[in-house]
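Peer 1: Numbering (my numbering), first residue to last: 364 to 579.
Once you've had a glance at the structure underneath, I'll fire off some questions.
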Amino acid sequence: MTTLRPSLGLFLVLILPLCSQADIVEYSNGSISGSTNGWSISAGTAVSNSFIISNTSTLSSASFGTWAQLGVTPDQIDWSIGTTAFGSEISSGTSSATNTLISTHQAGNVFQSTMAISGSLTPGTYYFTLQNASSNSAGYPIYWDQNSGASTAYSKTGSTTSSIGSESFTLYSASTAVPEPSTILMAGGLSLFASLAWMRNRQNRSSMLKNSAHVA
């Protein structure tokens, strides 16, 4: 029967609960501008940006720049992912946004908004769409920050579609556990201590068995 040595077992017990979470960036269209322009994703207007996936992945979250009037913050936003602009055949949903204030100017506040999304993707080109954004104050629109990154982007109101400068956004896949260096050092030291104690105990038991054999 194979047994797990105490050193390895202790190492695993110590490492797994203390691992940090590292989100994997699957696509980034650049940082938030906050000053170029903002395109409405409220009141019947949708904005769609292209993105390229290089590896098979499962998306878990998205972050993007949003504009809002002073005192207003983004709330829930409809999102979708498809193979064409405004498409939703891959995945879609409505998610609550978590907002971090980036800057304030005469037009209002600029936030980094983060929300959960999903979608299993193989390498290829897709489109990320935001629309029907609500805020903490009913009737106030939310805008998607334009940074004119590498993506191809469109704005759509009713049946009218216009080509626009692309928006700031980053898409992430499910996180993986990564041990922090301090955790590895601590666990390694305790693991070595446990290993030495195990070996000493084993030697003591062997000595006792030998002494017993001589007595007999």
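C-beta atoms are modelled at their ideal positions from N, C-alpha and C, and glycine is treated no differently.
Which residues in the same chain as Y390 place their Cβ atom closer than 6 angstroms to its Cβ, once the five residues preceding and following it in sequence are excluded?
Peer 2: The residue you call residue 390 lines up with position 27 of the sequence shown. Result list for Y390: F414 and L534, in chain order.
Peer 1: Return the residue from the list S398, G445 and G393 that minimises the CA-CA distance to S466.
Peer 2: Residue mapping note: residue 466 aligns to position 103 of the sequence shown, counting from 1. Taking only the C-alpha atoms, the option nearest S466 is S398.
Peer 1: How many angstroms separate the CA atom of T408 from the CA atom of N418?
Peer 2: Position 45 of the sequence shown, counted from the first residue, corresponds to residue 408. Position 55 of the sequence shown, counted from the first residue, corresponds to residue 418. Roughly 31 angstroms between the two C-alpha positions.
Peer 1: Please work out which residues of its chain come closer than 6 angstroms, Cβ to Cβ, to S405, disregarding the five sequence neighbours upstream and downstream, and give them in chain order.
Peer 2: Counting from 1 along the sequence shown, the entry for residue 405 is found at position 42. So the list reads A496, P504 and I505, once near-sequence residues are dropped.
Peer 1: Buried or exposed, going by whether 16 or more other CB atoms sit within 10 Å of the CB of A537?
Peer 2: Here residue 537 refers to the residue found at position 174 of the sequence shown. Result: exposed.
Peer 1: Is N392 helix, strand or coil by DSSP?
Peer 2: Looking up residue 392 in the sequence shown gives position 29. Coil at N392, not helix or strand.
Peer 1: Do you know whose CA, among K519, I527, G521 and G502, lies nearest Y509's CA?
Peer 2: For this step, residue 509 is matched to residue 146 along the sequence shown. Contrary to the premise, residue 509 reads as Gln rather than Tyr in this sequence. Per the Cα distances, I527.
Peer 1: How big is the Cα-Cα spacing for F427 and T488?
Peer 2: Mapped onto the sequence shown, residue 427 falls at position 64. Mapped onto the sequence shown, residue 488 falls at position 125. Their backbone Cα atoms lie some 19 angstroms apart in a straight line.
Peer 1: Going by the DSSP bridge assignment, what does L534 pair with across the sheet?
Peer 2: Residue 534 sits at position 171 when you count from the first residue of the sequence shown. According to DSSP, L534 bridges with Y390 and A425.
Peer 1: Under the three-state reduction of DSSP, which class applies to N418: helix, strand or coil?
Peer 2: What you label residue 418 is simply residue 55 of the sequence shown in a count that begins at 1. Three-state result, N418: coil.
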